[in-house]
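*Asks:* Residue numbers (our numbering), protein chains in the order written: chain A, 192 to 520; chain B, 32 to 351; chain C, 754 to 1043.
This is the structure, below, for whatever I ask next.
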Amino acid sequence: MAPLVEVQGLEKRFSVGGAWLRGRRRVIHAVDGVSFAIEPGEVLGLVGESGCGKTTTGRLILRLIEPSAGRIRFEGHDLMALSPPRLWATRQRMQIVFQDPFASLNPRMRVGSIIAEPLAIYERAGATERRRQVSELLDVVGLDPAFAERYPHELSGGQRQRIGIAAALALRPSLIVADEPVSALDVSVQAQVLNLLMDLRRRFGLTYLFISHDLHVVLHMSDRVAVMYLGEIVEIGPRDALYRAPRHPYTQVLLSAAPVADPKLRRERIVPKGEVASPLAVPSGCRFHPRCPLVFDRCRVERPLLRTVGGGHEAACHLNEAPALLTGA
Amino acid sequence: MALLSVEGLRTQFATGAGTVRAVDGVSFAIERGEVLGLVGESGCGKSVTSLSIMRLVPPPGQIVAGRIRLEGEDLLDKDAEAMRRVRGARIAMVFQEPMTSLNPVFTIGDQIAAAVLAHEGGRRRAAWDRAVEMLDQVQVPSPGERARDYPHQLSGGLRQRAMIALALAPGPQLLIADEPTTALDVTIQAQILDLLRRLQAERGMAVLLITHDLGVVAELCHRVAIIYAGRIVEMAPVARIFEEPLHPYTRGLLRCLPHPSRFGQPLSSIEGAPPDLRGADAGCPFAPRCPLAIESCRRHEPALAERRPGHFVACPVAVV
Amino acid sequence: MSVTATMLPVVARPRRRVSFRAAFGLGALLLIGGSAVLAPQLAPWDPARQMLTKRLRPPMWQAHGLREHPLGTDHLGRDILSRILHGGRISLGVGLTAVTLSALIGVTLGLLAGFFGGRADALIMRIVDVFLAIPYILLAMGVVFALGPSLLNVILVMGATRWVQFARIVRADVLSIREREFVAGARARGNRPLRLLLRHVLPNALTPIIVVATLELAFMIIYESALSFLGLGVQPPTPTWGWMLADGRNYVATAWWLATFPGLAIMLTVLAVNLLGDWLRDTLDPRLKV
């Protein structure tokens, strides 16, 4: 079966500085040549630290931000080639859920209107039918249909997040980009929302791009995981393979750095040197080389490409040519 | 004698919609050189507890009961001037958001030097040298140059290190760290936790670490106190909390975290929502959400009792 | 720090009683507005009627004052009280109309500049800069000189010069609103630019618009008085507070009541409007921004 989403060479450049800010005009490559595919019904996790480009990637796929270069195929159609009306129509099939439950809902609109709005815009249903669907959607996300009359500020963070999910579901999309959907929630509420997302995926046959900086949450939710660093994917592969045998030093660093609430599971700690790199000053060669505990000369000059290291598992590290060095580390 | 001893602390906020009992009878002690973690979700009262210890609770909040003893002296008895001498010199605090906790119009070197001068006096040159030395101790590269930077010129990790340097410069006996790594990237978080561990051991300093993240607790703390609805529900050495969590809330928290052994499976979660802190309901605050609750749980508030050596729980039901 | 945000379940509003400022402001405005509307019924005299035998009579509580002229008469024997009441109609009427006009122009341009950015923004902001650079009195003088003084022209001039206040505030607010996640969400769910602007951005920019509008109303009243004082505004015999100030200028030492009462009326109205604006800003903000 053809992938639901196929991304090739995706790039996004921002220019910073200029006339009245200090410094020259500089270009940030927030996303610098990213390629991957998402199969129908799968959850692809996208993980990385701040500045890695994961959030930008999520919005690029939906063309909420215009890509600077690259190709995006969604359900077989080239998104970049669609006319504005066709693009608008295609939006029904691809939706997004955001991180911040406080900022992601219009504070001036009632919950019911927020959820019903896409149905009205796309003329999917008349007023009565919309109301019925709103009630149904609220029920599906585990809320009392009476919530339709409330305003967002009257609800808790977890409830707001559920509303965001209900609104994303209204148009029965096939793809949902979940951009840090639980990062702003308490742990117990987080568990509820994650369970809800898994449940909805089964019920409606959804496909997710699950973006988060929280490695364990991503590992929990995803079938496959892609690790991003400074605008590039440095490793991508099946969840279990990536967890048990990461093939990029940065993935190893992330895995060892993420605090685990289980003293028995503490990994050998690899504390990385230096600061999280800034997209304004991208290192030469392999972008991770200034911080890499396994760096050697070639890393400073030659940028490694993603190469297959196992079934469906790719990593961009020179060490994979002599894997023992990496896995033994 | 414990370094810090908090007994029966109650802090309340009088709002137009009722009195919020943010801290409702909290007692614990921290020994010299010990790291105690105070863990809870949002709204549980952990931050207000730390602010109460520093007597920095913002109005309309007020400490209404309890004792806070630092080396035997009750901090609640002290006047404003005496408290000012305590803050910084004997108890220091590090916050979550270094960007808003550091003064943006002064260099970090100036801010640390100012702290030194305020608590120890002396000459400005010497204070500046101390500032650079502190930055070196918190592993800021090129500390002499970085000291001349302004907060906005530094990355999140460096700012947090600067804040730690600022807090530790006067040489306090107790450091209160309120979610010190929550706003940081995970690799930087690892560095900062390492730093705190090292500094704490080197200086024999006690730390009260406030966090919602049990993983961070596992990394850094000797003992843990779990706080819910303004009350401590469980307190034990770190290893014990993970090995045998006794309170249903603690168990609930641990079970709802993603864990490698159960990736992909539905997470268990805690029913319901945290209670309204304005309520004066009798009984255990967790009872409405507790899978083990029995009738008496709703009528009698359980006291914190030692159920295993060094392991205290406020639940008569859970321990079998 | 998020201490208060995480700890208090309810936005803390310590006072339940109605604020004194709001009560005073609203009450005063109702009084002034009411008397303006009902001026023909309330005024004891025709404001234009000259009663030359009763010129320059002081207010009734002074010696030589007359009961039938509570606030005295002016140099042409016209009743001050009646002129103040009728003057209020003009002042408030002109003020409200001018504010509405400037709000319509300013909010529209501010929305467009803030939302679409780029060249539209640059162009609109340059125009704003030009308007801000020219002293409004000179601008008004120029226009009125060219078009002739009349009630309509006064309103047009005021509306066409003060719109920049709205434009700047709205543009600033829109710049931050459009980055908020709910706007991106609305876009993802099918909102096209115009609908986004009207249905999602504008309602969230209302707070500053309302606050600026109340403050501008106060300003317009003074503006109109200034224009009338300079002879650029509404022409006699229509009484306006500005004209009364101008007339009374010559009699400040001898017949203080000619200028003082219109001055007090202006002051009271502006004070009331400002208080109301302050209160509106306080009540509207936290709830909308939560």
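Virtual Cβ for every residue (Gly too), placed ideally from N, Cα, C.
Starting from Ser-300 of chain B, find everything on chain A with Cβ-Cβ shorter than 7 Å and list it in chain order.
*Replies:* Per Cβ cutoff of 7 Å: Ser-379, Ala-382, Gln-383, Asn-386.
*Asks:* Are Ser-903 of chain C and Leu-838 of chain C touching if we call contact CB-CB under 8 Å?
*Replies:* No, Cβ-Cβ distance for Ser-903 of chain C and Leu-838 of chain C is not below 8 Å.
*Asks:* Is it right to say Met-973 of chain C is buried, meaning 16 or more other beta carbons lie within 10 angstroms of its own, or is it exposed?
*Replies:* Buried, since its Cβ has 16 or more Cβ neighbours within 10 Å.
*Asks:* So which residues of chain C does Glu-308 of chain A contact, with C-beta pairs closer than 9 Å?
*Replies:* What Glu-308 of chain A touches in chain C: Ala-939, Arg-942, Gly-943, Asn-944, Arg-952.
*Asks:* In whole angstroms, what separates the C-alpha of Phe-479 of chain A from that of Ile-356 of chain A?
*Replies:* One C-alpha to the other measures close to 35 Å.
*Asks:* Could you spell out the range, first to last residue, of the beta strand (DSSP E) harbouring Pro-268 of chain B?
*Replies:* That run of the beta strand (DSSP E) goes 262–268.
*Asks:* Against chain A, which members of the segment 236–250 of chain B pass a CB distance test of less than 9 Å?
*Replies:* Listed by position, the residues of the segment 236–250 of chain B near chain A (Cβ gap below 9 Å) are His-243, Asp-244, Leu-245, Gly-246, Val-247, Val-248, Ala-249, Glu-250.
*Asks:* For Arg-769 of chain C, is the classification buried or exposed, using 16 other Cβ atoms within 10 angstroms of its Cβ as the cut-off for buried?
*Replies:* Residue placement at Arg-769 of chain C is poorly supported in this model, since its pLDDT is 46, which falls under 50; the coordinates are not used for a value here.
*Asks:* Considering only DSSP beta bridges, list what Val-288 of chain A is partnered with.
*Replies:* Answer is A:Ala-369, bridged to Val-288 of chain A.
*Asks:* Residues in the segment 294–305 of chain A with C-beta within 9 Å of chain C's C-beta atoms, listed in sequence order?
*Replies:* Listed by position along the chain: Ala-294, Ser-295, Leu-296, Asn-297, Pro-298, Arg-299, Met-300, Ile-305.
*Asks:* Going by DSSP, name the residue or residues bridged to Ser-403 of chain A.
*Replies:* Answer is A:Val-238.
*Asks:* Using a Cβ-Cβ cutoff of less than 8 Å, which residues in the same chain neighbour Leu-50 of chain B once the five nearest sequence positions on both sides are dropped?
*Replies:* A quick correction: the sequence has Thr, not Leu, at residue 50 of chain B. So the list reads Gln-43, Phe-44, Arg-309, once near-sequence residues are dropped.
*Asks:* What are the residues of the segment 217–228 of chain B that lie near chain A, defined by any Cβ-Cβ distance shorter than 9 Å?
*Replies:* Against chain A - using a Cβ distance shorter than 9 Å - the residues of the segment 217–228 of chain B are Val-217, Thr-218, Ile-219, Gln-220, Ala-221, Gln-222, Leu-224, Asp-225.
*Asks:* Is there a Cβ of chain C sitting closer than 8 Å to that of Gly-242 of chain A, yes or no?
*Replies:* Chain C contact via Cβ: absent.
*Asks:* Indicate the three-state DSSP secondary structure (helix, strand or coil) for Glu-275 of chain B in the structure shown.
*Replies:* Glu-275 of chain B: coil per DSSP, three-state reduction.
*Asks:* Excluding five sequence neighbours on each side, which residues of the same chain lie with their C-beta closer than 8 Å to the C-beta of Arg-161 of chain B?
*Replies:* Ile-143, Ala-144, Val-147, Ala-200, listed in sequence order.
*Asks:* According to DSSP, what are the bridge partners of Thr-46 of chain B?
*Replies:* B:Gly-49, per the DSSP bridge assignment.
*Asks:* Who are the near neighbours of His-407 of chain A in its chain, counting only those whose CB is closer than 8 Å to its CB and skipping five residues on each side?
*Replies:* Once the five neighbours on either side are set aside, the close Cβ partners of His-407 of chain A are Ala-449, Val-451.
*Asks:* How is the beta strand (DSSP E) around Ile-380 of chain B delimited, first residue to last?
*Replies:* The structure shown has nothing for residue 380 of chain B, since chain B only spans 32 to 351.
*Asks:* Could you tell me which of C:Leu-824, C:Arg-774, C:Ser-835 sits nearest to Pro-797 of chain C, measuring between CA atoms?
*Replies:* Cα-wise, what sits closest to Pro-797 of chain C is C:Ser-835.
*Asks:* Using the Cβ count rule (16 or more neighbours within 10 Å means buried), how would you classify Val-1043 of chain C?
*Replies:* With a pLDDT of only 36 at Val-1043 of chain C, under 50, the local geometry of the prediction cannot be trusted, and the value read off the model is given with reservation. Answer is exposed; the Cβ neighbour count stays below 16.
*Asks:* Grab me the residues of Leu-497 of chain A's own chain with a C-beta within less than 6 Å of its C-beta, minus the 5 sequence neighbours each way, in chain order.
*Replies:* So the list reads Glu-505, Ala-507, once near-sequence residues are dropped.
*Asks:* So if I threshold CB-CB distances at 8 Å, which residues from the segment 798–815 of chain C count as touching chain A?
*Replies:* Residues: none.
*Asks:* Quick one, are the C-beta atoms of Val-418 of chain A and His-439 of chain A less than 8 Å apart?
*Replies:* Contact: yes.
*Asks:* Just mark Asp-209 of chain B as buried or exposed, buried being the case when its beta carbon has 16 or more other beta carbons within 10 Å.
*Replies:* With 16 or more Cβ atoms within 10 Å of its Cβ, Asp-209 of chain B is classed as buried.
*Asks:* Per DSSP, what are the beta-bridge partners of Met-973 of chain C in this structure?
*Replies:* Paired residue(s): none; Met-973 of chain C is not in a bridge.
*Asks:* Does the beta carbon of Ser-226 of chain A come closer than 8 Å to any beta carbon on chain B?
*Replies:* Judged by the 8 Å Cβ criterion, Ser-226 of chain A is not in contact with chain B.
*Asks:* Thinking just about the alpha-carbon of each residue, which of B:Glu-164, B:Val-125, B:Gly-187, B:Thr-80 is nearest to the one in Gly-39 of chain B?
*Replies:* When each option's Cα is compared against that of Gly-39 of chain B, the closest is B:Thr-80.
*Asks:* Under 8 Å, do Val-264 of chain B and Ala-345 of chain B count as touching if we go by C-beta distance?
*Replies:* In this structure, Ala-345 of chain B lies closer than 8 Å to Val-264 of chain B by Cβ.
*Asks:* What residues from the segment 946–979 of chain C come within 9 Å of chain A, judged by C-beta to C-beta, listed N to C?
*Replies:* Listed by position along the chain: Arg-948, Arg-952, His-953, Pro-956, Asn-957, Leu-959.
*Asks:* Considering only residues of the same chain and omitting the five flanking positions on each side of Arg-100 of chain B, which have a CB-CB separation below 6 Å?
*Replies:* Closer than 6 Å at Cβ, skipping near neighbours: Ser-36.
*Asks:* Just by C-beta distance, which residues in the segment 909–938 of chain C are closer than 9 Å to chain A?
*Replies:* If the cut-off is 9 Å between Cβ atoms, the segment 909–938 of chain C has Arg-933, Glu-934, Phe-935, Val-936, Ala-937, Gly-938 near chain A.
*Asks:* For Gly-895 of chain C, name the three-state secondary structure that DSSP assigns.
*Replies:* Three-state DSSP puts Gly-895 of chain C in a helix.
*Asks:* Would you please verify whether the beta carbon of Glu-326 of chain B is less than 8 Å from any beta carbon of chain A?
*Replies:* Chain A contact via Cβ: absent.
*Asks:* Would you grab the beta carbon distance between Pro-211 of chain B and Met-130 of chain B for me? Rounded to a whole angstrom, and I think it's under 8 Å.
*Replies:* About 14 Å; that fails the 8 Å criterion.
*Asks:* Would you call the segment 257–272 of chain B in contact with the segment 334–343 of chain B, where contact means no fewer than 3 C-beta pairs closer than 8 Å?
*Replies:* Cβ pair count under 8 Å is three or more, so yes.
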